[in-house]
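Residue numbers (the working numbering): 640 to 748. Note that beta-carbon positions come from the ideal geometry of N, C-alpha and C, so glycine has one too.
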Amino acid sequence: MPDTRYLLLAVGISAAVNWALRAVPFGLLGMLRTSRVVQYLGARMPAGVMVVLLVYCLRDLAPSWSSAVAPLAALVVTVALYLWRRNALLSIVAGTAVNVLLASTFFAS
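As structure tokens, this is what we get:
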């Protein structure tokens, strides 16, 4: 069994590294807020996330009508809600809910 000083030193170093890893991002936050790259990504990422989700959800779309209804209905709800409210989070959550609801109830295989 290691001696007590070794164990206390190991715990102290682990605590210091853990604290630093959690505190450093808050220290860098001021620089990130004024960064043009972060502002650009903040403006463009919702559309990027939507494209990634679209490709992911429709990549395995089967040619049969019954298995395509749920994802296509969710796609329509997502796009329509986003165009109406301009809220990416709301449209993603609503589209996901429609897809899960339809796929698990009406069009379950």
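- Our two residues, Val694 and Leu700, have alpha carbons roughly 10 Å apart in a direct line.
- DSSP places Ser703 outside both helix and strand once states are collapsed to three, so it counts as coil.
- When only Cα atoms are considered, Arg683 and Asn657 end up about 32 Å apart.
- Residue burial annotation: Tyr721 is buried, with at least 16 other C-beta atoms found within 10 angstroms of its C-beta.
- DSSP, read as helix, strand or coil, puts Asn726 in coil.
- Note that the C-beta distance between Ala709 and Gly734 is not below 8 Å.
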